[in-house]
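Worksheet: one structure, shown below.
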Amino acid sequence: MEIQELITFVTIVKQGSFCKASQKLGYSQAAVTIHIKNLETELNVKLFDRLSKKTTLTSYGKIFYEHSIQILNELSIAKESVTSTDELYGTLTIGTTDSLCASHIPELLFQFHKIHPYVSISIITDTIDGLIHMLNNNDIDFAYLVDQKIVDSHFIKVIEQEERAVFVASKNHPLINQKYLDLKTILSYPFILTEKDASYRQLLDYALTSRRLEIKPIIQAKSTNLILEMMRYNMGISFLPEFVLNDDFKKLEVSDFQISIYKQVLYHKNKWVSKEMKAFFQLLEKENVK
Numbered sequence: 013m014e015i016q017e018l019i020t021f022v023t024i025v026k027q028g029s030f031c032k033a034s035q036k037l038g039y040s041q042a043a044v045t046i047h048i049k050n051l052e053t054e055l056n057v058k059l060f061d062r063l064s065k066k067t068t069l070t071s072y073g074k075i076f077y078e079h080s081i082q083i084l085n086e087l088s089i090a091k092e093s094v095t096s097t098d099e100l101y102g103t104l105t106i107g108t109t110d111s112l113c114a115s116h117i118p119e120l121l122f123q124f125h126k127i128h129p130y131v132s133i134s135i136i137t138d139t140i141d142g143l144i145h146m147l148n149n150n151d152i153d154f155a156y157l158v159d160q161k162i163v164d165s166h167f168i169k170v171i172e173q174e175e176r177a178v179f180v181a182s183k184n185h186p187l188i189n190q191k192y193l194d195l196k197t198i199l200s201y202p203f204i205l206t207e208k209d210a211s212y213r214q215l216l217d218y219a220l221t222s223r224r225l226e227i228k229p230i231i232q233a234k235s236t237n238l239i240l241e242m243m244r245y246n247m248g249i250s251f252l253p254e255f256v257l258n259d260d261f262k263k264l265e266v267s268d269f270q271i272s273i274y275k276q277v278l279y280h281k282n283k284w285v286s287k288e289m290k291a292f293f294q295l296l297e298k299e300n301v302k
């Protein structure tokens, strides 16, 4: 059994097809097929069901995939243990949410790049469910997200920091000068909200439903920056993590309503933690202390 055959097998699973794996690896599709046939012959099992255009793992393939990931991780650790260098040259693939991209991520990337200028970083934004799916599929190295507390034995949590999700308006909005606001008053104004699959939007909807209330936003958008820009025109109120606010916006204190969310950094328990990941975690922990 050759290491390259294991790499080919894992790449097919991650890419979803033999064709995409061959493009990723720079091999011909025939070479990729030969690698898998060699593995299947040696193991005496079928690793893939190739029905119509779909390539899916068999039950044996699923078991072998978990072991293959562990073998390749151990190989990476072995290589790293005998390669001593103070400079980092690897890659990082970070999954995160749009709200963090509109606030914390740019500064973190700037600081990290100053320390480790040769590390190549890819940022992928998605919903919480999408990020969890990518963690389980090893499509990202770790997830930096905002949600209610995630408790899952499959993941290791590096950071958990409590934050608030709040009602917010532009500094010129008429509600800014009112001291004692309640939910019914707030809900009588137009709203600009994130899409329903955003974590804090879901928490808002659940809380309102429990009180037999609801919001019908005039605009829904995935982009936090777009929502903030629309609010500059006083088009509506929003509900966002407090950490995205700047001097142009003010939170609206509602006496009978409060929601906590949590910034969290997670990686899969079977994930090999590279030097690049460790370096980014160290930076996050330093920033978290400030």
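According to our numbering, the residues represented by the sequence shown are 13 to 302, in order.
Quick reminder that beta carbons are idealized off the backbone N, C-alpha and C, glycines included.
Cβ neighbours of residue i in the same chain (closer than 6 Å, five flanking residues each side left out)
i, result
"Gln190", "none"
"Glu172", "Tyr274 and Gln276"
"Asn237", "Ala114"
"Thr109", "Leu157 and Val158"
Where the beta strand (DSSP E) through residue i begins and ends
i, result
"Tyr245", "Taken as a continuous stretch (DSSP letters only), Tyr245 belongs to no beta strand (DSSP E), as it is neither H nor E."
"Ala155", "Phe154 to Asp159"
"Thr68", "Lys66 to Leu69"
The alpha helix (DSSP H) enclosing residue i, as first and last residue numbers
i, result
"Leu27", "According to the sequence displayed, residue 27 carries Gln and not Leu. Run containing Gln27: Ile15 to Gln27, per the alpha helix (DSSP H) assignment."
"Glu54", "Gln41 to Leu55"
"Ser111", "Asp110 to Cys113"
"Thr197", "Leu195 to Leu199"
"Leu37", "Phe30 to Leu37"
For residue j and residue i, the rounded distance between their alpha carbons
i, j, result
"Lys302", "Gln27", "Because Lys302 carries a pLDDT of 48, less than 50, the predicted location of this residue cannot be relied on, and no value is offered for it."
"Ile136", "Phe292", "16 Å"
"Val266", "Gln214", "18 Å"
"Leu264", "Val178", "7 Å"
"Glu207", "Ile239", "11 Å"
"Val25", "Lys66", "11 Å"
"Ser286", "Ala33", "23 Å"
"Lys281", "Ser111", "26 Å"
"Glu288", "Tyr212", "30 Å"
"Glu119", "Ala43", "44 Å"
"Ile198", "Asp61", "55 Å"
"Leu216", "Ile227", "9 Å"
"Lys161", "Asn149", "21 Å"
"Val57", "Ser29", "19 Å"
"Gln270", "Lys196", "15 Å"
"Leu143", "Asp153", "11 Å"
"Pro186", "Ser250", "14 Å"
"Phe36", "Met13", "Reading off the sequence shown, one finds Lys at residue 36, where the question assumed Phe. Roughly 21 Å between the two C-alpha positions."
"Lys234", "Gly248", "16 Å"
"Lys283", "Ile204", "38 Å"
"His125", "Ile133", "9 Å"
"Ser165", "His145", "15 Å"
"Tyr130", "Leu100", "6 Å"
"Val163", "Glu297", "20 Å"
"Glu241", "Ser200", "21 Å"
Cβ shell of residue i (< 8 Å), same chain only, five flanking positions each side left out
i, result
"Glu175", "Val158, Pro253, Glu254, Phe255, Ser272, Ile273, Tyr274 and Lys275"
"Val22", "Tyr77, Ser80, Ile81 and Leu84"
"Leu59", "Phe21, Ile48, Leu51, Glu52, Leu69, Thr70, Tyr72, Gly73 and Phe76"
"Leu55", "Tyr72 and Phe76"
"Tyr279", "Leu147, Asp153, Phe154, Ala155, Phe167, Ile168, Val170, Val285 and Met289"
"Ile230", "Pro202, Phe203, Ile204, Met247 and Gly248"
Contacting residues, own chain, Cβ-Cβ under 7 Å from residue i (five flanking each side not counted)
i, result
"Ile140", "Leu157, Asp159 and Ser211"
"Ser182", "Met243, Arg244, Asn246, Asp260 and Phe261"
"Glu17", "His47, Asn50 and Leu51"
"Cys31", "Gln41"
"Asp194", "Val266, Ser267 and Asp268"
"Leu257", "Val180 and Lys263"
"Ile188", "Ala181 and Lys262"
"Gly38", "none"
"His128", "Leu100 and Ala291"
Quick one: which unbroken alpha helix (DSSP H) runs of 4-plus residues sit fully inside the stretch 214–282? Chain order, please. As far as the stretch 214–282 is concerned, its whole alpha helix (DSSP H) runs of at least 4 residues are 236–244.
Do the stretch 79–89 and the stretch 101–108 touch if we need at least three Cβ pairs shorter than 8 Å? In short, these stretches do not touch, since the Cβ pair count stays below three.
Which full runs of the beta strand (DSSP E) of 3+ residues lie inside the stretch 120–188, going along the chain? Listed in chain order, the beta strand (DSSP E) runs fully inside the stretch 120–188 are 132–137, 154–159 and 167–182, counting runs of at least 3 residues.
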